[in-house]
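Asks: Before I ask anything, let me first share the structure, which is written out below as structure tokens.
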Amino acid sequence: MALAGRAALRWGARLPSPGPAAAPLCRQAWLPAACGRPYSSRGKEEIDMSTYPVESIRNFSIIAHVDHGKSTLADRLLEITGTISKTDRNKQVLDKLQVERERGITVKAQSASLFYNHEGINYLLNLIDTPGHVDFSYEVSRSLSACQGVILVVDANEGIQAQTVANFYLAFEAQLSIIPVINKIDLKNADPERVEKQIEKLFDIPTDECIRISAKQGTNVEKVLQKVIEKIPPPQCNTADPLKALVFDSTFDHYRGVIANIALFGGEIAKGQKIVSAHTKKRYEVHEVGILTPNEQPTHKLYAGQVGYLIAGMKEVTEAQIGDTLFLYKQPVEPLPGFKSAKPMVFAGMYPVDQTEYNNLKSALERLTLNDSSVTVHRDSSLALGAGWRLGFLGLLHMEVFNQRLEQEYNMSVILTAPTVPYKAVLSSAKLIKEYGKDQITIISPAQFPDKLSVSEYLEPTVLGTIVTPPEYIGKIITLCQDRRAVQKDLLYIDENRVMLKYLFPLNEIVVDFYDALKSLSSGYASFDYEDAGYQSADLIKMDILLNGNPVEELATIIHNDKAYAAGKLLCERLKETIPRQLFEIAIQAAIGKKIIARETLKPYRKNVVAKCYGGDITRRMKLLRRQAEGKRLMRKIGNVEVPRDAFIRVLKRETDK
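Written out as structure tokens, the structure is:
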């Protein structure tokens, strides 16, 4: 029997169940199902989605500033509707990624379908929990496209913050119904009356429409569900129309291929149907459809107005484009407008630590960018670091999270260079205009920086920054903004405890450490949000780093003229610490064109050639020292300084302790 059991395990056959108390087995290495995701969703009880007509469907998102309690409210809504069982372990159930658990922030928008009975009618509520940080605002705008309303959560203690304002206007511009919710009323310092007045003053929403809740304790959360049903309209679509499904998110599963999250804007979709992608024009057969509760729950069909997932044998990550429209074979429809492509704010070079890992890293990048479509990828190469990519991110936190996900989900360690921003140059040289085919070019790396003689002006990206702070920190914050070349646009007192400042910032001044500096100046009370504000003319220069007169291409940077000296001095000092000493002197210089603006000298190793002289004539000592100096001079002429790879990494990597 033991042999038969071993053979059965080897060939993948299912053993007879030893009894109801035994752990269920899954097809991944025959581990208990709790240890890993099951190969298939089969075996679960299927739900009949036809019992939920369009009139009884509500699609909504939860939006708020960071740490105002979106995910906690989502947990309570899942518990009240019976989607998940009530336990003490229900903390940020929808935050599934390891990086979200570790950092305590939402990075990916997650959806879940809830079933709720209100006044004798069964409703299907499709909830999307969104991130709160400015770097993930693309996730928020994508989520809103699948919704008809939002719950705007505001902390009763902290009040309206910068990202609250930004998210409100995203929902307002999309013409969605907005339900204001004041959370954390159970806190000792909570002041819901003050927050209600802030909401009325800034957003023009009457105070009697605000719902006061405590998501942690579950106080008044039931009222939120009732308000969702009463105030948010059902989706405008019809089951009788031809199938029209929008892909608003997707993930990659090693066993089942691409799992696409879809919102149906017309028709119905069922297992076995033939569908076509409007983007790739490829045809697929539907293997499985279902809803997320928040885990995958297969259903017979999905109908117009519903949100769910679809598996259709898409094996390549490029096949499931976010924003794509799916329709039935031989029933073509007008594709949905999709999503406005994300505009990268920060660029950084990414290289494998070992070049033999290049193909593995390429595969990992393709799969991760499927799940995070806001990252742009361009091939790049460097003499020092080898073949790699230049990636565009929406911000610095986005870059850090992406790097962390690469390490945790794909076990890839990479070299990430210092972040840069995209500049533009208006060309005046007819030869260059003919070469590029346009009179304005975008510069994402210093190697592309054109000479000043062939350019009429350089342009740098700007952002309109919103800072919300207690009034006692205004002086320090204004000084910080002025140091960063910012121009004040507005100053508004929300109430006696909150001031909103608006500044026009050059993007490269805020991209690395502005947020940290703002938080430390304001003891953590100030919040910051920004939006793209186009380009402005700037006095930009390319700063080269020379080692014994030879430029090092990888260390060149684009910088504003006013900041060049400080940046050049810092880079030279850092290089002096990282380059190993040689037998000859090394001059480390920062240069703008022919002008040297900073210098550090790395002293050579020196043998004590006069050790054998124990007295005698001074000319003997001088002769030996002179001969040594001549040898060093000759060595410096013919010797090449090779910067070791680890020195490049230490210098190019962003300073974490800045």
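If you're matching positions, the sequence shown starts at -5 in the numbering used here and goes up one per residue. Note that CB positions come from ideal geometry on N, CA and C, so glycine has one too. Keep in mind it's a predicted model, so treat the numbers as computed, not measured.
1) Report the rounded CA-to-CA distance for A306 versus D42, giving the unit in angstroms.
2) Contact criterion: CB-CB distance below 8 Å. Does K182 meet it with respect to chain D?
3) Looking at the unbroken beta strand (DSSP E) that takes in D489, where does it start and where does it end?
4) Rounded to the nearest angstrom, what separates K38 and H294 at their Cα positions?
5) Who are the near neighbours of L400 in its chain, counting only those whose CB is closer than 7 Å to its CB and skipping five residues on each side?
6) Name the residue from D611, A581, Y46 whose alpha carbon lies nearest to the alpha carbon of K597.
7) Checking the sheet assignment: what are the DSSP bridge partners for A532?
8) Under 7 Å from any heavy atom of the ligand ZN, does the C-beta of K428 make it?
9) Tell me which residue opens and which closes the alpha helix (DSSP H) that E571 is part of.
10) Between T370 and G386, which are expected to be in contact by the criterion C-beta below 8 Å, what is the C-beta distance as a whole number of angstroms?
11) Could you compute how far the alpha carbon of G63 sits from the alpha carbon of G98?
12) I'd like to check one pair, S107 with N120: are the Cβ atoms closer than 8 Å?
13) Quick one: using the 10 Å Cβ neighbour count with 16 as the cut-off for buried, is L118 buried or exposed?
14) Going by other Cβ atoms of all chains shown within 10 Å of its Cβ, with 16 needed for buried, is R575 buried or exposed?
15) With P186 as the anchor, note down where its alpha helix (DSSP H) starts and where it stops.
16) By Cβ distance, which residues of its chain are closer than 7 Å to P186, with the 5 residues on each side in sequence left out?
17) Determine the DSSP secondary structure at G284, reduced to helix, strand or coil.
18) Name the one or two DSSP bridge partners that P500 has.
19) In this structure, how does DSSP classify F259 when only helix, strand and coil are distinguished?
20) Taking the straight line between their C-alpha atoms, what separation do you get for I232 and A550?
21) Can you tell me the Cβ-Cβ gap for Y303 and I269, rounded? I've got them flagged as a contact below 8 Å.
22) For L377, count neighbouring C-beta atoms within 10 Å of its own C-beta (all shown protein chains included) and say buried if the count is 16 or more, exposed if not.
23) Leaving out five residues before and five after D651 in sequence, what residues of the same chain have Cβ atoms less than 8 Å from its Cβ?
24) Below 7 Å CB to CB, which residues in the same chain sit around G653 once its five sequence neighbours on both sides are set aside?
25) I'd like to know if the segment 331 to 351 and the segment 286 to 293 are in contact, where contact means that at least 3 CB-CB pairs between them fall below 8 Å.
26) By the 10 Å Cβ neighbour count, where 16 or more other Cβ atoms means buried, how is A336 classified, buried or exposed?
27) Secondary structure at Q104, three-state DSSP: helix, strand or coil?
28) Alpha carbon to alpha carbon, how far is I438 from P416?
29) Closest by CA to K225, which one among V241, G284, G143?
30) Identify which residue in L237, E403, F443 has its Cα closest to the Cα of D247.
31) For L618, I'd like the list of residues in its chain whose CB is within less than 8 Å of its CB, leaving aside the five on either flank, ordered along the chain.
32) Report the three-state DSSP secondary structure of K238 (helix, strand or coil).
33) Alpha carbon to alpha carbon, what distance is there between L565 and D477?
34) Taking C-beta to C-beta, are L240 and I223 nearer than 8 Å?
35) Going along the chain, which residues of its own chain have a beta-carbon closer than 6 Å to the beta-carbon of I172, five neighbours each way excluded?
36) Taking its Cβ as the centre, do 16 or more other Cβ atoms sit within 10 Å of I285, making it buried, or is it exposed?
Replies: Based on what the coordinates show:
1) 20 Å
2) Among the chains in the structure shown there is no chain D, since it carries only a single protein chain.
3) 481 to 489
4) Note that K38 scores a pLDDT of 49, beneath 50, so its modelled location is shaky; the value from the coordinates is reported in the next line. Approximately 12 Å, taken between the alpha carbons.
5) A358, L362, M406, V408
6) Nearest C-alpha to K597: A581.
7) Y452
8) As presented, the structure is devoid of all ligands, the ligand ZN included, so that no description of it is given.
9) 558 to 572
10) 4 Å
11) One C-alpha to the other measures close to 11 Å.
12) yes
13) buried
14) Exposed.
15) 186 to 197
16) A150, I176, I179, R206
17) Reduced to three states, the DSSP call for G284 is strand.
18) T456
19) strand
20) A small fix is needed here, since residue 232 is Asn in this sequence, not Ile. Cα to Cα, the separation comes out at about 58 Å.
21) So it is not a contact: roughly 14 Å between Cβ atoms.
22) Of the other Cβ atoms in all chains shown, fewer than 16 fall within 10 Å of the Cβ of L377; this residue is therefore exposed.
23) Low local confidence applies: a pLDDT of 39 at D651 is under 50, so the model's placement there is unreliable, with the coordinate-based value given in what follows. Same-chain partners within the cutoff: there are none.
24) This structure cannot speak to residue 653, because the chain is shown only from -5 to 652.
25) no
26) By the 10 Å Cβ count, A336 comes out buried.
27) strand
28) Cα-Cα distance, rounded: 5 Å.
29) G143
30) E403
31) In the same chain as L618, and ignoring 5 residues on each side of it, the C-beta atoms closer than 8 Å to its own belong to V603, V604, C607, in chain order.
32) strand
33) 20 Å
34) no
35) V144, L146, A165
36) Classification for I285: buried.
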